[in-house]
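Participant: Numbering-wise, our numbering puts 53 at position 51 of the sequence shown, and it's gapless, one number per residue. Before we start, here is the structure in question, set down as structure tokens.
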Amino acid sequence: MTTDAVVRARIDKKIKDQAAQVLEQMGLTLSDAIRLMMIRTAADKALPFKVKAPNAATKGAMKQAKAGRIKTAPNSGRLMADLNADD
């Protein structure tokens with residue numbers, strides 16, 4: 003495989019340095035890690051790790067929680083009673 007393309011990305015220097023240090027302990031460079039990620043992404047048609055971005059429902063729930071509009075229960079028994087109240 004020829005390596006004739008260049009990829010550039012902007013990132014915080016502190017993050018870059020921390021990642022480089024971790025990768026060095028694994029015997030890898032930043033370029034090695036990026037190359038591996040891109041090879042796996044191309045081969046698998048997906049990222050080689052889970053992206054934990056919230057979906058619309060989760061974003062809505064997070065917004066409700068921040069606004070203090072959530073139900074709470076003092077214990078699991080009360081929670082189950084509240085959940086089954088409409089049955």
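Don't be surprised by glycine CBs; every beta carbon is placed ideally from N, CA and C.
Taking D146 as the reference, give the member of V8, K65, K15 and A75 with the closest Cα.
Facilitator: In the structure displayed, the chain extends from 3 to 89; residue 146 sits before or after that span and is not available.
Participant: From what residue to what residue does the alpha helix (DSSP H) around A62 run?
Facilitator: The sequence as given places Gly at residue 62; Ala does not occur at that position. From DSSP, the alpha helix (DSSP H) with G62 extends over A58 to K68.
Participant: Give the C-beta separation of A48 and L32 to the nearest angstrom, bearing in mind that I take them to be a contact with Cβ-Cβ under 8 angstroms.
Facilitator: With 8 angstroms as the limit, A48 and L32 do not qualify as a contact, their Cβ atoms being about 22 angstroms apart.
Participant: Pull up the distance between the alpha-carbon of K68 and that of K61, whole angstroms please.
Facilitator: 11 angstroms
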